[in-house]
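In my numbering, the protein residues as written are -6 to 405. Working notes, beginning with the structure itself.
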Amino acid sequence: MAHYQAMGSIPPKRHTQHRRPAGRGRRGELYYEELMGEEGFSSDSSLLYHRNIPSTIAAARDWPIRDLSTTPNHPLQPRHLRLHDLFAPKDVKDTDVVTGRRLVLGNGDVRISYVVAGAPSPWYRNGIGDECVYVERGAARVETVFGAFDVREGDYLVIPRATTHRWLPQRSTKNPLRAYCIEANSHIAPPKRYLSRYGQLLEHAPYCERDLRTPQGPLLAEDVGEKAGDASEVYLKHRGNGPSGIVGTVHELPFHPLDVVGWDGCLYPYAFHISDFEPITGRVHQPPPVHQVFEGWNFVICNFVPRKVDYHPLAIPVPYYHSNVDSDEIMFYVDGDYEARKGSGIGKGSVSVHPGGHAHGPQPGASEASIGAESFDELAVMVDTFRPLELGEGGRAVDDGMYAGSWNRGRG
């Protein structure tokens, strides 16, 4: 997100000496400056000042990442995946957001996973791409090398590639942390059409910089009750020659990851609450791009929030039937009533998969029933991809097997 932030202790000029405090007449040791930047020094970056050399590794071992295999959606058909069936309640207390996520759908550009977590995660760094995690339910503290976030139901957390962080769920048996994880092989940012050529969110954008929460920080090891010299492990997801092209390594560090005394720049994690998205409406039904909130390479993220609907006197508020000629449409139903989907079996925690090449739209009778509606009370997160998605092991496990026939019900 390209607006400048500065936090903690930094020198007046970049790439110059920055030293630890020392006694009278003594010169303190240098802090270690790290440039974290995108696109080979040609795009957004931040400078972080560490107490320790950030390249240090004491040891490394394999991290066998959970099954990332995928199966083509063939024969081609729309699908209904029940995500709330993926995790048994008895297993939640021992599951964490990093190692416990299960792959629902994926392709060479993006992977969509789901997890219900009650345990703290290990320190984690995704070396492949940015992550956008939507908090469906529950709450957590997320500690990063840039600072900390307190996230809750309805928050998006956008985490740049290679940001070391960990998830600390708020323990709750009734309302555990449920996270919908969108992992890119690229960067994730606001849509270009919302931005000025210098990166400011424009007046027609459905949110602005005031709606984005930056890290509370910087955060040092002693701030969280841990010792700065403690050895730590960081789980690293990176490119490799495994079946999915993704492998895992655990790096052991001889110090705690929270050693950044200050940072500045335009690259950092940020949070955005879905309720701060201002919906764009019109006299007749608006197309899905008006709901867009973020974009990555070959995919977009949209959200559907409670809103006033079409006010033309002859308007039909639910969507018209449409063919995704160039994309797969993945809708995660979070809350509210889904007028267009009544009779399909879809409810809270459902994911609908509408693949490119198949026309889809409201269930039988939904168009007529929606006439006269003034507002919709629905909350959903949509991912559209421009290459076909395949089913991950999580998606295969909770496919209801009946959704493709749902438009046949109630005919005649």
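Ideal Cβ positions, reconstructed from N, Cα and C, are used throughout, including at glycine. The structure presented is a predicted model; accordingly, all values stated were derived computationally and were not measured.
Roughly how many whole angstroms lie between the Cα atoms of residue i and residue j?
| i | j | result |
| --- | --- | --- |
| proline 328 | lysine 341 | Checking the displayed sequence, the identity of residue 328 turns out to be aspartate instead of proline. For aspartate 328 and lysine 341, the distance between alpha carbons rounds to 6 angstroms. |
| arginine 404 | alanine 362 | No answer about arginine 404 holds up, because its pLDDT of 46 lies below 50 and its placement is not dependable. |
| arginine 7 | tyrosine 263 | 23 angstroms |
| lysine 230 | valine 109 | 20 angstroms |
| aspartate 392 | valine 97 | 10 angstroms |
| phenylalanine 379 | glycine 289 | 11 angstroms |
| arginine 13 | serine 225 | 23 angstroms |
| arginine 408 | glutamate 219 | Because the chain in this structure spans residues -6 to 405, residue 408 falls outside the shown range and cannot be described. |
| tryptophan 160 | aspartate 123 | 16 angstroms |
| arginine 134 | methionine 395 | 39 angstroms |
| glutamate 245 | glutamate 22 | 24 angstroms |
| arginine 370 | proline 5 | Note on identity: in this sequence residue 370 is aspartate, with arginine being the wrong assignment. If you take the alpha carbons of aspartate 370 and proline 5, they lie about 50 angstroms apart. |
| proline 71 | glycine 387 | 16 angstroms |
| alanine 366 | glutamate 31 | 46 angstroms |
State yes or no: is the C-beta of residue i within less than 8 angstroms of the C-beta of residue j?
| i | j | result |
| --- | --- | --- |
| threonine 63 | glycine 99 | yes |
| glycine 354 | histidine 315 | yes |
| proline 281 | aspartate 321 | no |
| glutamate 75 | serine 343 | As written in the sequence, residue 75 is arginine, which differs from the glutamate given in the question. For arginine 75 and serine 343, yes; Cβs fall inside 8 angstroms. |
| valine 376 | isoleucine 339 | no |
| proline 153 | leucine 260 | yes |
| alanine 214 | aspartate 223 | yes |
| glutamate 129 | tyrosine 200 | no |
| asparagine 401 | aspartate 102 | no |
| serine 268 | glycine 192 | no |
Select from the options the residue whose C-alpha is nearest the C-alpha of residue i.
| i | options | result |
| --- | --- | --- |
| alanine 397 | His351, Pro211, Pro115 and Ala198 | His351 |
| glycine 258 | Met29, Ala15 and Arg19 | Met29 |
| alanine 373 | Arg154, Val298 and Ser225 | Val298 |
| glycine 385 | Gln(-2), Asn45 and Arg94 | Arg94 |
| isoleucine 273 | Ile267, His266, Gln10 and His284 | His284 |
| glutamine 209 | Tyr187, Val253 and Val240 | Val253 |
| arginine 206 | Arg145, His278 and Tyr326 | Arg145 |
| phenylalanine 325 | Ile121, Gly192, Asn168 and Tyr107 | Tyr107 |
| tyrosine 127 | Ser48, Phe265 and Glu202 | Phe265 |
| arginine 59 | Asp216, Lys83, Asp89 and Ile46 | Asp89 |
| serine 337 | Gly147, Ala155, Ser399 and Ile364 | Ser399 |
| glutamate 383 | Leu246, Leu69 and Pro65 | Pro65 |
| threonine 166 | Glu202, Asp143, Lys83 and Arg154 | Lys83 |
| glycine 358 | Pro312, Leu69 and Arg300 | Pro312 |
| tyrosine 331 | Pro310, Asp319, Asn317 and Val318 | Pro310 |
| serine 2 | Ile267, Gly255 and Val302 | Gly255 |
| phenylalanine 248 | Ser39, Arg20, Ala51 and His(-4) | Ala51 |
Leaving out five residues on either side along the sequence, give the residues of the same chain with a beta carbon under 8 angstroms from the beta carbon of residue i.
| i | result |
| --- | --- |
| threonine 157 | Trp116, Tyr117, Arg118, Thr137, Val138, Val227 and Pro250 |
| phenylalanine 287 | Cys125, Tyr149, Val151, Ile181, Ala182, Pro183, Pro184, Val293 and Ile294 |
| asparagine 234 | Val240 |
| arginine 232 | Gly120, Ile121, Gly238, Ile239 and Val240 |
| tyrosine 25 | Tyr42, His43, Arg44, Asn45, Ile46 and Pro47 |
| glutamine 10 | Pro4 and Leu23 |
Below 7 angstroms CB to CB, which residues in the same chain sit around residue i once its five sequence neighbours on both sides are set aside?
| i | result |
| --- | --- |
| tyrosine 187 | Leu194, Leu195 and Ala198 |
| leucine 212 | Glu136, Gly140, Ala141 and Leu251 |
| isoleucine 364 | Ile309 |
| valine 302 | Thr274, Pro310, Ala366, Glu367, Ser368 and Phe369 |
| lysine 335 | Gln356 and Ala359 |
Just to confirm my understanding: we take residue i, look at its own chain, exclude 5 residues before and 5 after, and list those with CB closer than 6 angstroms. What are they?
| i | result |
| --- | --- |
| alanine 308 | Val277 |
| leucine 170 | Ala110, Gly131, Ala133 and Pro162 |
| threonine 242 | Ala53, Trp56 and Leu229 |
| aspartate 78 | Val391 |
Next item on the list: Would you list, in sequence order, the uninterrupted beta strand (DSSP E) runs of no fewer than 3 residues that lie entirely inside the stretch 263 to 350?
Entry: 263 to 266, 285 to 289, 292 to 297, 321 to 329 and 343 to 347
Next item on the list: Give, in chain order, every unbroken run of the beta strand (DSSP E) that is at least 3 residues long and sits entirely within the stretch 212 to 243.
Entry: 225 to 232
Checklist line | 4 or more residues per run - each alpha helix (DSSP H) lying fully within the stretch 68 to 147 | finding: none
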